[in-house]
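Below is one structure, written out as structure tokens; the observations come after it.
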Amino acid sequence: MSGGEGAYITRGIEPEDTKQGFSCGVHALDDYFARHALVNDARGVGRTYVLRRVADHDESLPAVLGFYTLSMASAESAHVARVIGRKLPAYPMPVAMIGRLAVDRRAQRRRVGERLLLDALRRVFDASRILGCTGVLVDAKDEDAEGFYVKYDFSTVTAGAWPRRMFLPIGTLRAAFAP
Amino acid sequence: MRLEATVPDSRGSAVVELAEELGLSRSQLVDEALALFLKAVIEVRRGRRLVTIDPASSAPACELATPTLSALEWAQHRQKTRLSAKSLAKMSALAESPPEPGARLRRAARRSPR
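Line order of the protein sequences matches chains A and B. If you number the first sequence the way this note's numbering does, the last residue is 183 and the count never jumps. If you number the second sequence the way this note's numbering does, the last residue is 115 and the count never jumps.
Here it is in structure tokens:
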């Protein structure tokens with residue numbers, strides 16, 4: 005991505021962000037960002053973080069280049085009875101979930117996706133110092149998305165249907181961010 | 002009680018400057034900062050959000066957040082996600098024996114601003 009570190013900033017969503025005409029080309033994500041992200045953020049259902057261009061930098065780019073949502077979840081077996089006798093965790097696994105991650109069409113092919121993902125992973129890494137977290141879960145909507153997450157060491161844990169659920173263990177994340 | 006902490010140079014300088022500006026000792030300033038942080042943690046654990054209020058409009062002007070407070074807040078709203086036994090077993094195995102990060106993730110993590 006061109007531009008120095010000071011040219012872009014990632015922060016929690018604010019009301020003005022939803023009025024910047026964000027468009028990633030996927031209606032469901034655009035609609036979520038414009039209509040629901042702020043409300044869900046305020047309710048604490050899932051925090052939304054936006055990557056913004058600073059005011060006077062490269063005005064050919066949109067003000068909001070991309071966003072992602074982050075929440076905590078407990079991963080549990082859908083078939084509790086089957087847990088007995090199997091090599092499954094005895095307790096629900098606390099995980100961080102990246103629910104949505106989208107890049108504006110005008111900012112694509114500039115490594116914005118990587119920047120958003122690493123920002124999310126950094127926040128999870130920081131959070132894992134003070135609360136239980138076994139890793140990061142994401143849902144890959146299609147093969148392109150699956151390929152993107154595989155590049156950053158996510159493993160597919162569901163197969164045969166979309167979306168694919170993918171997991172990055174906290175140990176791998178800690179080793180990546182270790183000084 | 003005496004506490005010692007290592008903080009980034011920029012934060013340390015800011016504490017020294019602010020203590021001089023406000024006519025406080027460093028201990029007084031750190032004590033007040035800790036009192037605010039403890040209060041913030043209590044409020045977030047109650048499920049509340051921390052904001053500043055614009056006195057003119059009485060509307061929230063800015064939300065106060067730190068990585069710790071955000072993490073606590075996420076934990077307050079933990080969702081349940083159901084997975085098949087096979088998926089959960091695979092996740093558990095990965096969590097117990099996490100693979101070493103690949104070169105691409107390591108490079109990206111190094112580039113990622115703190």
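Cβ atoms here follow ideal geometry from the backbone N, Cα and C, with glycine treated the same way. None of these values were measured; they are calculated from a predicted model.
At a beta-carbon threshold of 7 Å, none of the residues of chain A lie near B/Pro9; the nearest stands roughly 14 Å away.
At least one CB atom of chain A sits nearer than 7 Å to the CB of B/Arg83. Annotation for A/Thr162: no alpha helix (DSSP H) segment contains it, and DSSP assigns it neither H nor E.
Of all residues in the segment 94 to 108 of chain B, those with a C-beta nearer than 7 Å to a C-beta of chain A are Leu95, Ala96, Pro99, Pro100, Glu101, Pro102, Gly103, Arg105, Leu106 and Arg107, reading in chain order. Taking each of A/Leu69, A/Glu20, A/Arg57 and A/Cys137 in turn and checking the Cα distance to A/Arg39, the smallest one comes out for A/Glu20.
By the neighbour-count criterion, in which a residue is buried when 16 or more other Cβ atoms sit within 10 angstroms of its Cβ, B/Pro102 is buried.
The C-alpha of A/Glu118 lies about 8 Å from the C-alpha of B/Ala109. With contacts defined as CB atoms closer than 7 Å, A/Thr138 and A/Val99 qualify as a contacting pair.
For B/Glu21, the secondary structure class from DSSP, reduced to helix, strand or coil, is helix. According to DSSP, residue pairing for A/Gly117 in a beta bridge does not occur. In the three-state scheme derived from DSSP, where H, G and I count as helix and E and B as strand, A/Leu135 is classed as coil.
Leaving aside the five residues that flank A/Leu65 on each side, the residues in its chain whose CB is nearer than 7 Å to its CB run, in chain order, Arg57, Arg110 and Ala111. Using a Cβ-Cβ cut-off of 7 Å, A/Glu118 counts as an interface residue toward chain B, since at least one Cβ of chain B sits closer than that to its own. Using a Cβ-Cβ cut-off of 7 Å, B/Leu39 is close to nothing in chain A; its nearest Cβ partner there is about 14 Å away. When B/Arg50, B/Glu74 and B/His78 are compared, the shortest CA-CA separation from B/Leu65 is found for B/Arg50. Under the Cβ distance rule, A/Leu42 does not count among the residues neighbouring chain B, no pair being separated by less than 7 Å. Interface criterion not met: the Cβ of A/Phe152 is under 7 Å from no Cβ in chain B.
With a cutoff of 7 Å on beta-carbon distance, A/Thr22 and A/Leu42 are scored as near each other. Cβ-Cβ separation between A/Arg169 and B/Ser88: approximately 6 Å, consistent with a contact (criterion under 8 Å). Not flagged as an interface residue toward chain B: A/Leu69, since no C-beta distance is shorter than 7 Å. For the segment 41 to 69 of chain B, the set of residues with a beta-carbon nearer than 8 Å to any beta-carbon of chain A comprises Gly48, Arg50, Glu64, Ala66, Pro68 and Thr69, in chain order.
Put simply, of A/Ser78, A/Gly29, A/Phe152 and A/Phe181 the residue whose alpha carbon is nearest the alpha carbon of B/Pro114 is A/Phe181. Taken through DSSP and simplified to helix, strand or coil, A/Val142 comes out as strand.
CA-CA distance, B/Pro99 to A/Ala124, rounds to 19 Å. Taking CB atoms only, B/Ala34 has no neighbour in chain A less than 7 Å away.
One alpha carbon belongs to A/Val116, the other to A/Gly70, and they sit about 7 Å apart. Cβ neighbours of A/Ala67 within its own chain (closer than 7 Å, five residues either side excluded): Gln24, Arg56 and Arg57.
Identification of residues in the segment 167 to 180 of chain A having a C-beta nearer than 9 Å to some C-beta of chain B yields Arg169, Phe171, Leu172, Pro173, Ile174, Gly175, Thr176, Leu177, Arg178, Ala179 and Ala180, given in sequence order. At least one beta carbon of chain A lies nearer than 7 Å to the beta carbon of B/Leu89. The segment 60 to 99 of chain B contains, as complete alpha helix (DSSP H) runs of 4+ residues, the segments 68 to 77 and 86 to 97 (chain order).
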